Amino acid sequence: MRRRTYLAGGASVLAGIAVSGLVSRPPSNERLLEAAREPSGTGEGSSNTETILSGTDHETSLYELDAPNDGPTAMVFGGVHGDERNGIEAAREISDWHPDAGTLVVVPETNRVAVENDDRRGVDGNLNRQFPADRGPQSELAAGIWDAVESYQPDVVLDLHRSLGIYGLHQEFVGQAIFHSPDAHGERLADRLNEDAVPWYLPFHRFTPGESTLSGPLLFQHAARELGASAYIFETTEFLLDHSTMVEMSRLAAAHVLELHGLLELGGDA
Ligand SMILES: [Zn+2]
Numbered sequence: 404m405r406r407r408t409y410l411a412g413g414a415s416v417l418a419g420i421a422v423s424g425l426v427s428r429p430p431s432n433e434r435l436l437e438a439a440r441e442p443s444g445t446g447e448g449s450s451n452t453e454t455i456l457s458g459t460d461h462e463t464s465l466y467e468l469d470a471p472n473d474g475p476t477a478m479v480f481g482g483v484h485g486d487e488r489n490g491i492e493a494a495r496e497i498s499d500w501h502p503d504a505g506t507l508v509v510v511p512e513t514n515r516v517a518v519e520n521d522d523r524r525g526v527d528g529n530l531n532r533q534f535p536a537d538r539g540p541q542s543e544l545a546a547g548i549w550d551a552v553e554s555y556q557p558d559v560v561l562d563l564h565r566s567l568g569i570y571g572l573h574q575e576f577v578g579q580a581i582f583h584s585p586d587a588h589g590e591r592l593a594d595r596l597n598e599d600a601v602p603w604y605l606p607f608h609r610f611t612p613g614e615s616t617l618s619g620p621l622l623f624q625h626a627a628r629e630l631g632a633s634a635y636i637f638e639t640t641e642f643l644l645d646h647s648t649m650v651e652m653s654r655l656a657a658a659h660v661l662e663l664h665g666l667l668e669l670g671g672d673a
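Structure below.
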């Protein structure tokens, strides 16, 4: 019992240290997030908000942000699992970003009923198992989400999640990992996050990239398989990280993905 108490205390101290890492955000991260948040200097973009799955229990908002310059289309999803607040909060913020090129499409509350219930699963179970290879989407919600994906034909898909443990350290958990389609920039993304977003004193929190088979029933796998999208599932962890740190890692992952795929441009000599 004594040992348990000690470990719990240690966890909260470490979480506090992780927060202080945010206060001293490196200049490279500031520059990247500024590029995401500020309108492009080269002309007017436009935005459009629509409701998808309209008239069903699952209706949810989709934000389309068009840059002044042509470029790829990227879709970012939060709330596929309704209790993973980091991805929901980051995606809500991303729905206000300004891409420099192409089109950014954001669905912050993909499984809106599950988000409202703060529950991993929605009324039809685990949404991220409902996109099998050999059949159509397995629920009304999955079908509606897939309709939206097909209508945009994204070049890039990013799905934001979190796990309880750390991949490779805690059995069966996938936190601090980025699983990606073979053509995606998973290794570069992990390298950048390990440089900029993971404090040196949390070595077990360094991100691990993993090339994914595309045969599974996850949304990002389906997008890669059916549409040839460069697709990512991003997983941070609750283990020793507080909420704001998980949100920061999710937001930085999204900004780096958009930059790696040409939707964000870092001015000057970047
Ligand atoms: Zn998840």
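Number 600 in my numbering belongs to position 197 of the sequence shown; there are no gaps in the numbering. Each residue gets a CB set at the ideal place from its N, CA and C atoms; glycine is no exception. Keep in mind it's a predicted model, so treat the numbers as computed, not measured.
Should residue i go down as buried or exposed, given a rule of 16 or more other Cβ atoms within 10 Å for buried?
i    : result
T463 : buried
N531 : buried
L465 : buried
T452 : exposed
R689 : The structure shown does not extend to residue 689, since the chain is modelled only from 404 through 673, so no value can be given for it.
Q556 : exposed
L468 : buried
S449 : exposed
L596 : buried
P511 : buried
A632 : buried
L666 : buried
S457 : exposed
G459 : Just to set this straight, residue 459 is Thr in the shown sequence, not Gly. Classification of T459: exposed, given that the 10 Å Cβ count is below 16.
T445 : exposed
S669 : The question names Ser, yet the displayed sequence has Leu at residue 669. That one is exposed.
For residue i and residue j, what's the separation of their Cα atoms in angstroms?
i    : j    : result
H664 : Y604 : 30 Å
R654 : A439 : 10 Å
P612 : I455 : 32 Å
V516 : G485 : 8 Å
E614 : N529 : 22 Å
E629 : V559 : 13 Å
G539 : S554 : 16 Å
M652 : F534 : 26 Å
T648 : A657 : 14 Å
M478 : L435 : 19 Å
G482 : L563 : 8 Å
N472 : D503 : 7 Å
G490 : T639 : 9 Å
F637 : A470 : 24 Å
Q565 : F623 : Residue 565 is actually Arg in this sequence, not Gln. Their Cα atoms are separated by approximately 15 Å.
A493 : F576 : 22 Å
F642 : R488 : 14 Å
G525 : N514 : 7 Å
P602 : D594 : 13 Å
Q574 : A580 : 13 Å
L572 : F610 : 12 Å
G568 : S431 : 28 Å
S537 : E447 : A small correction: the amino acid at residue 537 is Asp; Ser does not occupy that position in the sequence shown. Rounded to the nearest angstrom, the two C-alpha atoms are 42 Å apart.
E496 : E441 : 13 Å
Quick one: what's residue i bridged to in DSSP?
i    : result
D344 : Coverage of the chain is limited to positions 404 through 673, which leaves residue 344 absent and any answer about it impossible.
S633 : V559
A580 : T611 and E638
R565 : T639
S464 : T454
F623 : BP columns for F623 are empty, so no partner.
M478 : V508 and V560
G528 : G525
Would the C-beta of residue i count as close to ligand 1, meaning under 6 Å from any of its heavy atoms?
i    : result
E590 : no
In chain order, what residues have a CB nearer than 6 Å to some heavy atom of ligand 1?
-> Going along the chain, the residues that qualify are H484, E487 and H564.
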